[in-house]
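To keep things clear, I will list the structure first and then write my remarks on it.
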Amino acid sequence: MATLDYVDIPSCATRLQTNVPIEDIRPTPKIVTPLPRPERSHTRSASLPTNLTPTSPTKVAFNLPQVLLSSALQLPANAPATPRDAGKGITRLLTTRDPLSIPITTVNFRRFVSKSGPAFWLQDRIEEIVMWRKGQKHTAVWMAVYAFICYFPRTVLLLPHVVLLGILLGTHPARRRQLAPDEPTCATTKPINPPPPQGQLTEGSVDWLANVQAIQNLMGAVSDAHDFVLPIAPHLTHASPYTPVILTFTLATFFLALPLINILPMRTTFLILGLSPLLLTHPFTRFTLIPTLLSANYFLLRRMRTRMYRLIDNDKLEDKHWRTEMREVELFENERWLASAAGEEGVTADAGWSRINLRPGERRAWTRGRDGWSGVLDDGSGDVSSNLTFSLAPGWLFVETEDWRPDVEGTWIDPGKADDCGWVYTNDAWQDPQASPLEDWRKTGTMTRRRRWIRRIYYDSTAHV
C-alpha cells in the first residue's frame, strides 16, 4: 500500500481498500441527534423588560371552578363515584370520604387556603431563625435555648406547658392595646378593634393571596423533592444491581456504630449536630468563609462535579455499551452579546447573550470544529432549530441513555479560561479567551463567547451495513 507523505492521516482514520469498486463506496450515513438544551442565560433574562408581569392572581381567585375545569384536571369517564370494594381485587380507596367532584374540590380548596395561614406563618418564623434574617441576637437566643435543652434533656417534658404559656401571654389583651390612664384594668375589659378570627379571610384579599402563593411554592418544593428522590428509589427497592452493595454497607456500618452509642457523649453530640446547620447558614459563613474555601479548591470541585455526572451516566449504561468501545464527540456553541437598546417598545428582545445576535458571515451557532468555522451544523438554510446532523463512522451510534453535557472543566482550552458553566469569553474577533468578560468589552458592548459540549458514542457491529 502506498504511503502519503504530504498529508497527516489521523490514527483513528480508516483507509479505503483499493480493490473495492468505486460504485460500492457509499457516503457516510447521516445520524440526527437532538440539539443540546443549554440553560437560559441569566444575563439575558435580567435585561428583558420588567413590565412583562404575569396575570394578577386576583383575576382568577374569584372563579376557582372555571380555573379547575379549564386546567389539566380532567375526570375520566370511569371515575369512581363511591369507594371501590376491596373484595373485587381492586385497591380500596378512602372508605368514608366524599366522591371525586370538581365542586367539592373547589370548596375544600377555598377552605384550605383561608385556614392554612398558621402553617405558613410558622414556616416563615423558622426560616427567619435558621437564615439569621432578624439579626444575630434573635437566632442566638434560640441557639442558647437549644443548648440548654441538650444539657438538661428532661426539660423537653415541659415544652407543652411552655408553648401554651407562650400563646396565652402572646395573645394577652395588654399586648394588643394601650390602656388609657384613667381606664380601670379588669379581666372583663374587651380589647379595642379585635383582629378578625383566624380562618375567616376574605377571598381575594392580600392574606388570602399570600396563602395561595405559599401553597403554589409548596407544591413546587414537594415536586422537586420527589424528582430528587425518584432516581434513588430503584437502588433501595432491589431494582438495581447496587442494592446488595448498599445493603452490605448499611449492615456493616450499623454493627460498627453500636459501640459508638456508649462511647460518644450524647449531649455534646446532639449539641454539635443541632447547632451546625445554624452556623453554616450564618452570613459570615455563606458570604465569606464558603466562597474563600470554594475559590481555594475551585478546580478540584469542578472536576468532582464532572466526575459525579459521569458516574450518573455510567450507572444508566446498558450491557451492550460496556461490551464495546466508546468514544466522545464534541460540539461547540457560539453566542454574541448585544447591549440593551431602548426603543419605542422598551428594551430590545434580543438583548444579552444569544445565538440570534451572531452577525451575518461569521461562525454559526453550532459548529464541530474548535476554530468555529469548520464542521458547520445546520439544515442547509443557515439555521438549526431542534436537531443536529452528524456524520459518524459506520457502526458508531450515540449512547441512547445519555444526552449532551457541557464541558464545565474547559479541558479543550488552557486551565482557568472557562467559567462555572464552561463558557469561554472572547473579544469581538473571537480572540483573547478569558473566564469572564473584560471591562473594556463591557463598555464597548462587543464580546463573544463559546463552550464545548460532549457526548459519548459506541461501536455496534450489527449497525454496520
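Counting from 1, position 448 in the sequence shown corresponds to residue 583 in the numbering used here; the numbering is continuous, with no gaps. All residues carry an ideal CB built from backbone N, CA and C; glycine is no exception.
Item                                                                                                                                                                 : Value
Applying the criterion that 16 or more other CB atoms from any shown protein chain within 10 Å of the CB defines a buried residue, is residue 587 buried or exposed? : buried
Based on Cα-Cα distance, which residue from 453, 426, 435, 267 lies nearest to residue 593?                                                                          : 453
Could you pull the start and end residues of the alpha helix (DSSP H) that residue 397 belongs to?                                                                   : 378 to 398
Based on the DSSP secondary-structure assignment, which residues constitute the bridge partners of residue 466?                                                      : 588
So is residue 469 buried or exposed if we call it buried at 16+ other beta carbons inside 10 Å?                                                                      : buried
Over the uninterrupted alpha helix (DSSP H) stretch that includes residue 413, give me the two end residues.                                                         : 401 to 415
How is residue 266 classed by DSSP in three states: helix, strand or coil?                                                                                           : coil
Assuming residue 570 contacts residue 554 under a Cβ cut-off of 8 Å, what Cβ separation, rounded to an integer in Å, is found between them?                          : 5 Å
Hey, how far is the Cα of residue 291 from the Cα of residue 456?                                                                                                    : 57 Å
Relative to the alpha-carbon of residue 535, which residue among 595, 573, 442, 565 has its alpha-carbon at the smallest distance?                                   : 595
Under 8 Å, with one C-beta from each stretch per pair, do the region 336 to 349 and the region 248 to 259 reach the 3-pair mark?                                     : yes
Can you check DSSP and say which residues form a bridge with residue 524?                                                                                            : 167
Reducing DSSP to helix, strand and coil, say where residue 471 ends up.                                                                                              : strand
Fully enclosed by the region 254 to 298, which alpha helix (DSSP H) runs are 4 residues long or longer?                                                              : 271 to 286
Which partner residues does residue 569 have in the DSSP bridge list?                                                                                                : 560
Give me the Cα-Cα distance between residue 295 and residue 301, rounded to the nearest whole angstrom.                                                               : 10 Å
Does the beta-carbon of residue 98 have 16 or more other beta-carbons within 10 angstroms, so that it is buried, or is it exposed?                                   : Outside the displayed span of the chain (136 to 600) sits residue 98, for which this structure offers no information.
Under a three-way DSSP split, which group does residue 547 fall into?                                                                                                : coil
In chain order, what residues of the same chain lie with their CB nearer than 6 Å to the CB of residue 322, ignoring the 5 residues before and after it?             : Confidence at residue 322 is low in this model, with a pLDDT of 43, below 50, so its placement is unreliable and the value that follows should be read with caution. Hits under 6 Å: none found.
Go ahead and pull the three-state DSSP assignment for residue 249.                                                                                                   : helix
Taking a contact to mean a Cβ-Cβ separation below 8 Å, would you say residue 466 touches residue 238 in this structure?                                              : no
Could you tell me the alpha carbon to alpha carbon distance between residue 281 and residue 409, rounded to whole angstroms?                                         : 8 Å
Please state whether DSSP places residue 336 in a helix, a strand or coil.                                                                                           : coil
Can you tell me which of the three DSSP states residue 660 falls into?                                                                                               : Limits of the chain in this structure are 136 at one end and 600 at the other, which puts residue 660 out of reach.
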